[in-house]
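Residue numbers (the numbering used here): 458 to 761.
Please read the structure below before turning to the comments.
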């Protein structure tokens, strides 16, 4: 009985495998089209509580242009609040920024489809936030995001909920698409002498990266925290949860530098250097933006 089935079974398996191969190739080909309308994504709840009622719709209006080394030309993406209470993540073409640019939403460069290691979760506001795992890959060419001559004075606004108390790079500007000293970046890590979290603003001056601001606060792990920095010619003022914490004066200005042509913005890590994986940010980011006006750091809206 078994031997009589073999001549029939083998050709059937062959035809079935060929069918699967053709289907897989068709799937790969069709995946190049990035126009997706009405795609439903369920928010991941990375803390306690239910996700019911937090539907989200993803819509992409333009095609992402992929470059070498895994980096991409970023689209301009943003959430639109719909009448039914849901949010639409909409992306459109981003041109080269000019010198009149005032505000830069770094999370708006994430694009769609969401990169590996990035998902949507509940934010502290009504709109969603982004959850980053250790393997998240969000790298974008900086020349499409910032003006060639960086802001002379500016502010940085961040809303995060770290999952891990260990070291994590929130964002980093690198002079090269994969490596180099960090031009500008923000990092958090466990304080060596307490149970708190140290927040470091880092900058490369004459090619050498140094910490220009280092301040320890109570642990940020598992809680939404609002951080902002006002960067002026002579110093940096740090705000936490909409309250001024400290000002540190600098011997030289931090801003007004020129970004190299192949510089890259990374969110959640510092490129793909050997130690980048161990310093990847793990947790949620609801806001990550830069503003030409250094006073914007004082007006961050804080609410849980």
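For every residue, glycine included, the Cβ atom is placed at its ideal position computed from N, Cα and C.
Predicted model, so just to flag it, every value in this text is computed and none were measured.
- Comparing C-alpha distances from residue 639 to each of 650, 683 and 658 shows the shortest one belongs to 658.
- In the DSSP assignment, the residues bridged to residue 682 are 617.
- Cβ atoms of residue 584 and residue 740 stay farther apart than 8 Å, at about 17 Å.
- Distance between residue 738 and residue 576, taken at the CA atoms: about 14 Å.
- Listed in chain order, the non-local C-beta contacts of residue 749 below 8 Å within the same chain comprise 558, 559, 560, 608, 610 and 611, local neighbours out to five positions each way being set aside.
- In the DSSP assignment, residue 544 falls within the unbroken beta strand (DSSP E) covering 544-549.
- Judged by beta-carbon spacing, residue 615 lies beyond the 8 Å limit of residue 722, meaning their Cβ atoms are not closer than that value.
- One thing to note: residue 746 has its Cβ no nearer than 8 Å to the Cβ of residue 532.
- The beta carbon of residue 603 sits closer than 7 Å to the beta carbons of 554, 561 and 716 from its chain, once the five residues preceding and following it are set aside; these are given in chain order.
- When the beta-carbon positions are compared, residue 628 and residue 724 come within less than 8 Å of each other.
- In terms of CA proximity to residue 707, 671 leads the group 700, 671, 581 and 760.
- In the structure shown, residue 584 falls within a coil segment according to DSSP collapsed to helix, strand and coil.
- Between the alpha carbons of residue 547 and residue 695 lies a gap of roughly 32 Å.
- DSSP links residue 652 through a beta bridge to no other residue.
- 8 Å or more divides the Cβ of residue 632 from the Cβ of residue 595.
- The shortest C-alpha to C-alpha distance from residue 649 to any of 626, 570, 673 and 702 is the one to 673.
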